[in-house]
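For reference, the structure is listed below as structure tokens.
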Amino acid sequence: NAGVMQNPRHLVRRRGQEARLRCSPMKGHSHVYWYRQLPEEGLKFMVYLQKENIIDESGMPKERFSAEFPKEGPSILRIQQVVRGDSAAYFCASSPRTAGAGTDTQYFGPGTRLTVL
Amino acid sequence: AQSVTQLDSQVPVFEEAPVELRCNYSSSVSVYLFWYVQYPNQGLQLLLKYLSGSTLVKGINGFEAEFNKSQTSFHLRKPSVHISDTAEYFCAVSDSGGSNYKLTFGKGTLLTVNP
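If you read the protein sequences in the order shown, they are chains A and B.
For the first sequence, this note's numbering gives the first residue as 1, with consecutive numbering after it.
For the second sequence, this note's numbering gives the first residue as 1, with consecutive numbering after it.
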């Protein structure tokens, strides 16, 4: 059973370009979570999605960032007009039900490392 | 809001020695606590979690952690480490209420086991 897949693993963008990060959850998982790890910091929650719904985006920056989890295909985290401060590792996790039930674990992918030149 | 402090950014130990990785948290509400491990080029893997009940939690690979509410700590221990335990270890906390899917992580502790 394949784990959570993220691609690309490394992404380099110039300031002002767009970055698209993809996350394929584990088979049978319908809940996806995105986290960001800035340099020298811990992972921080960004957004929680179910298929075709954003459940909680309280951790997303107000501008330039968006996320989706369509009925078919991977979840996408999109960053428009990237700036140097967006350089970070972005992790995706998935769970079969709401992880907050306490019994479902969030399974993490290996992350995408975004570098903005 | 919660926060997590992992007091040691790096911990070098020799093989077969005991190890303790320290984690302290801050929260105004009841919490769930987690330890994750990340091996090179892999995703974070859950080692163990505390939800309620016994304060001593046993996890995979011989690791255990003890929840100490009065000291707001959740230290990870292993009595005898192996070379293969070399990895980065993350402590995480969530509230135990309605938004308990939001994990807040510490900065991580790099455990290096030397022969």
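Every residue, glycine too, gets a C-beta built ideally from N, C-alpha and C.
Counting C-beta neighbours from all protein chains within 10 Å, is the total for LEU47 of chain B 16 or more, i.e. buried, or is it exposed? For this step, residue 47 of chain B is matched to residue 47 along the second sequence. Buried, since its Cβ has 16 or more Cβ neighbours within 10 Å.
If the cut is a Cβ gap below 7 Å, which residues of chain A does GLN42 of chain B touch? Here residue 42 of chain B refers to the residue found at position 42 when the second sequence is read from its first residue. Chain-ordered, the chain A residues with CB closer than 7 Å to the CB of GLN42 of chain B read PRO110.
Looking at chain B, which residues of the stretch 14-39 of chain A have a Cβ within less than 7 Å of any of its Cβ atoms? Residues TYR33.
Does PHE45 of chain A have its Cβ less than 8 Å from a Cβ in chain B? Residue mapping note: residue 45 of chain A aligns to position 45 of the first sequence, counting from 1. Contacts with chain B at 8 Å (Cβ-Cβ) include PHE45 of chain A.
Output the boundary residues of the beta strand (DSSP E) element that contains TYR25 of chain B. One-based indexing of the second sequence puts residue 25 of chain B at position 25. Looking at the DSSP string, the run of the beta strand (DSSP E) that includes TYR25 of chain B is 24-26.
Which residues, taken in chain order from the stretch 66-81 of chain B, show a beta carbon closer than 8 Å to some beta carbon of chain A? Across the stretch 66-81 of chain B, no CB contact with chain A closer than 8 Å is found for any residue.
heavy atom of the ligand COA below 7 Å from PHE67 of chain B C-beta: This structure simply doesn't include the ligand COA, nor any ligand for that matter.
Leaving out five residues on either side along the sequence, give the residues of the same chain with a beta carbon under 8 Å from the beta carbon of TYR25 of chain B. Taking the first residue of the second sequence as position 1, residue 25 of chain B is located at position 25. Counting only Cβ-Cβ distances below 8 Å, and skipping sequence neighbours, we find GLN2, SER3, VAL4, THR5, VAL31, LEU33, THR72, SER73, PHE74, CYS91, VAL93.
Just grab the DSSP bridge partners of HIS10 of chain A for me. For the purposes of this step, residue 10 of chain A is identified with residue 10 of the first sequence, where counting begins at 1. Beta-bridge pairing links HIS10 of chain A to A:ARG113.
Give a yes or no on whether the minimum CB-CB distance between GLN106 of chain A and chain B is below 8 Å. As a working note, residue 106 of chain A is residue 106 in the first sequence. Yes, contact with chain B.
Could you please tell me which residues of the stretch 44-64 of chain A, in chain order, have their CB closer than 9 Å to any CB of chain B? Cβ contacts with chain B come from LYS44, PHE45, TYR48, ILE55, ASP56, SER58, GLY59.
Which residues in the same chain as LYS71 of chain A place their Cβ atom closer than 8 Å to its Cβ, once the five residues preceding and following it in sequence are excluded? For this step, residue 71 of chain A is matched to residue 71 along the first sequence. Hits under 8 Å: LYS51, GLU52.
Using the beta-carbon of each residue, which ones in chain B are nearer than 7 Å to GLU41 of chain A? Position 41 of the first sequence, counting from 1, holds the residue named residue 41 of chain A. Those are LYS107, listed as they occur along chain B.
Is ASP85 of chain B helix, strand or coil when you go by DSSP? Locating residue 85 of chain B in the second sequence gives position 85, where the first residue counts as 1. Three-state DSSP puts ASP85 of chain B in a helix.
What are the boundary residues of the beta strand (DSSP E) that includes MET46 of chain A? Numbered from its first residue, the first sequence carries residue 46 of chain A at position 46. Taken as a continuous stretch (DSSP letters only), the beta strand (DSSP E) holding MET46 of chain A covers 44-50.
Determine, using beta carbons only, whether GLY3 of chain A and GLY108 of chain B come nearer to each other than 8 Å. Residue mapping note: residue 3 of chain A aligns to position 3 of the first sequence, counting from 1. Residue mapping note: residue 108 of chain B aligns to position 108 of the second sequence, counting from 1. Result no, Cβ atoms of GLY3 of chain A and GLY108 of chain B do not sit closer than 8 Å.
Shorter than 8 Å from the beta carbon of GLY3 of chain A to some beta carbon of chain B? Here residue 3 of chain A is taken as the residue at index 3 of the first sequence, counted from 1. Closer than 8 Å: yes.
Look at the alpha carbon of VAL57 of chain B and the alpha carbon of ARG14 of chain A, and state the distance between them as a whole number of angstroms. Sequence index remark: in the second sequence, residue 57 of chain B carries index 57 (1-based). Sequence index remark: in the first sequence, residue 14 of chain A carries index 14 (1-based). Across the structure, VAL57 of chain B and ARG14 of chain A are spaced so that their CA atoms are roughly 46 Å apart.
Determine, using beta carbons only, whether PRO40 of chain B and ILE83 of chain B come nearer to each other than 8 Å. As a working note, residue 40 of chain B is residue 40 in the second sequence. As a working note, residue 83 of chain B is residue 83 in the second sequence. No; because the gap between Cβ atoms is not below 8 Å, this pair is not in contact.
Please confirm whether HIS14 of chain B has its beta-carbon closer than 8 Å to some beta-carbon of chain A. The sequence position of residue 14 of chain B within the second sequence is 14, counting from 1. Here residue 14 of chain B is Phe; the residue named in the question, His, does not match the sequence. Using a Cβ-Cβ cut-off of 8 Å, PHE14 of chain B does not count as an interface residue toward chain A, since no Cβ of chain A sits closer than that to its own.
Quick test of your reading: LEU114 of chain A and SER87 of chain A, contact by CB under 8 Å. State the CB separation rounded to the nearest angstrom. Along the first sequence, one-based indexing puts residue 114 of chain A at 114. Along the first sequence, one-based indexing puts residue 87 of chain A at 87. About 6 Å separates the two Cβ atoms, so the contact holds.
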